[in-house]
Ligand SMILES: Cc1cc2nc3c(=O)[nH]c(=O)nc-3n(C[C@H](O)[C@H](O)[C@H](O)COP(=O)(O)OP(=O)(O)OC[C@H]3O[C@@H](n4cnc5c(N)ncnc54)[C@H](O)[C@@H]3O)c2cc1C
């Protein structure tokens, strides 16, 4: 196998390092091109591979009750280098997996540099890769160098590569109080592919609205990073608190306008403002808050947004934010194995595909490496079940459902996301405890998570045993 062409990986971050490892470990040659220290990014400080640019946490390590904890477990069972190095350099952090960042990155770098099948080249790839690189994984992350970003945009069309990420919070549908909220599209417009009841609406009276505007203006905001400070806001993605500062009535004439909607819980009362939430995934388990991109600190978002009637107990799958981020419109551009449809020798991995976070990026790197190996060996990997953490992430990124919505003329947007249970295929039945009793509140939530994670473990094991391993293919 070592006689065949090497697989090239551009970018030695979380995703690229993991992809190179997966390729090398099964006997293929991997050439990893990392531009640091020849060229720096605005966030990295060292020349180590897999440098963590901000927090040192891989978040919860609870594989029974948390989607990212489950993702850790799945990656460990697939021989992840990133998880191996994280486990070896763990620092105390309660239920979270946090690491000594220098020890972690040094371990990943040493493992790859010492691997006989890996060559690390310290160079920027500043355009499309040479034609004789027949398999390439692009894992250059949110701060992809401008020259390469420009070359990619030339292939995908500039509108399909985002450089700035304005995200609104996403709420778990089952945490919304339907005693206060209701489904209705403005003026009951069905539109192509809609039903006329596509949005979830949360009404506010004058007093609630005024208090909400005050809370938005007073709420603590995150400050811009130095290089972001000069980046102008796009008109279409003004943070909600910036709109609120423009005048107390701005929001109720903008994203919170109360027109074309009737509250079935109390049709005689006219709302002062209405917050709308739009379905965010094909399963209908997640809803995003329309127009609510924000720079409020995360704790402030939870506090302020839970004052919205119907969202008092909202569970957030993702909170809002605004930062520089280079990512593809992956559902449209990539095939099911992360290859660019327009140029299949290029496969993408990591945050540039539209996942978010260290662990998710490494997980997509892991799968990109495995897809590349399978392709090199003329095999096809069975699709990962969407009941697993890895499979649900891949489905979010390559999500044919979004492309189908676009074809049906429905508005759609693809936003980067952390792994969360809302991306998983829902359970067939709500689980009960051993006595057969239906539970409520936190007990019900814990039982549901346990059932989801047990199902994921069983399905991943089945997928792994059905996979034709490289040794069997020889
Ligand atoms: C300021 C900031 C703070 C963040 N904080 C967090 C956080 O606290 N927690 C979290 O989970 N996630 C955080 N993220 C997101 C985090 O960066 C990603 O989740 C993760 O690092 C993405 O992994 P990746 O491998 O896709 O990209 P990266 O880890 O960024 O790796 C990409 C690599 O590609 C290299 N590269 C770029 N262009 C080229 C080129 N043309 N040629 C060769 N090499 C190139 C870069 O030098 C880099 O080493 C943050 C991101 C930013 C920008």
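In UniProt numbering, the protein residues as written are 1 to 474.
Glycine is no exception: its CB is placed at the ideal position from the N, C-alpha and C atoms.
None of these values were measured; they are calculated from a predicted model.
Item, Value
"Is any heavy atom of ligand 1 found at a distance shorter than 6 Å from the C-beta of residue 222?", "no"
"Since I believe residue 12 is in contact with residue 120 (beta carbons under 8 Å), could you give me their beta-carbon distance rounded to a whole number of angstroms?", "7 Å"
"With a threshold of 7 Å on Cβ separation, who are the neighbours of residue 100 within its own chain once the five nearest residues in sequence on each side are excluded?", "89, 91"
"Considering only their Cβ atoms, is the gap separating residue 361 from residue 15 smaller than 7 Å?", "yes"
"Which two residues bound the contiguous alpha helix (DSSP H) that contains residue 148?", "146 to 156"
"Answer yes or no: the CB of residue 22 versus the heavy atoms of ligand 1, is any distance below 6 Å?", "no"
"Should residue 145 be listed as close to ligand 1, given that the test is whether its C-beta is under 6 Å from any heavy atom?", "yes"
"Sorry if obvious, but does the Cβ on residue 195 come closer than 6 Å to a heavy atom of ligand 1?", "no"
"Hey, is residue 93 close to ligand 1, as in C-beta under 6 Å from one of its heavy atoms?", "no"
"Are the CB atoms of residue 173 and residue 287 nearer to each other than 7 Å?", "yes"
"With DSSP run on the structure shown, which of helix, strand or coil describes residue 359?", "helix"
"Is residue 125 a contact residue of ligand 1, with contact defined as CB to any heavy atom under 6 Å?", "yes"
"Nearest to residue 208 by CA position, among 272, 154, 149, is which residue?", "272"
"With distances taken from CA atoms, which of 386, 321, 383 is nearest residue 356?", "321"
"Which of the three DSSP states is assigned to residue 417 in this structure?", "strand"
"Would the beta-carbon of residue 330 be found less than 6 Å away from any heavy atom of ligand 1?", "no"
"From the DSSP secondary-structure annotation, give me the bridge partner or partners of residue 203.", "274"
"Would you tell me roughly how many angstroms separate the C-alpha atoms of residue 8 and residue 117, rounded to the nearest one?", "12 Å"
"Could you tell me the alpha carbon to alpha carbon distance between residue 314 and residue 132, rounded to whole angstroms?", "52 Å"
"Relative to the C-alpha of residue 33, which candidate in 456, 122, 453 has its C-alpha closest?", "122"
"Should residue 17 go down as buried or exposed, given a rule of 16 or more other Cβ atoms within 10 Å for buried?", "buried"
"Can you tell me the Cα-Cα spacing of residue 235 and residue 388, whole angstroms?", "Interpretation of residue 235 is limited by its pLDDT of 49, a score under 50 that renders its predicted location unreliable; no figure is taken from the coordinates."
"Enumerate in chain order the residues of its own chain whose CB-to-CB distance from residue 250 is below 6 Å, with the five nearest sequence positions on each side excluded.", "243"
"Whole angstroms is fine: what's the gap from residue 414's alpha carbon to residue 462's?", "30 Å"
"Leaving out five residues before and five after residue 67 in sequence, what residues of the same chain have Cβ atoms less than 6 Å from its Cβ?", "389, 419, 420, 421"
"So is residue 199 buried or exposed if we call it buried at 16+ other beta carbons inside 10 Å?", "buried"
"Please state whether DSSP places residue 447 in a helix, a strand or coil.", "helix"
"So what does DSSP say about residue 256, is it helix, strand or coil?", "coil"
"With 16 other CB atoms within 10 Å as the buried threshold, where does residue 430 fall?", "exposed"
"First and last residue of the alpha helix (DSSP H) that includes residue 26?", "Counting along the chain, residue 26 falls outside any alpha helix (DSSP H), and DSSP gives it neither H nor E."
"Is residue 449 buried or exposed, if buried means 16 or more other CB atoms sit within 10 Å of its CB?", "buried"
"Would you kindly report the start and end of the unbroken alpha helix (DSSP H) that includes residue 305?", "298 to 305"
"Beta-carbon separation of residue 239 and residue 293 under 7 Å?", "yes"
"Do the stretch 294 to 312 and the stretch 176 to 186 touch if we need at least three Cβ pairs shorter than 8 Å?", "yes"
"Should residue 202 go down as buried or exposed, given a rule of 16 or more other Cβ atoms within 10 Å for buried?", "buried"
"Using the C-alpha atoms, what's the distance from residue 10 back to residue 350?", "11 Å"
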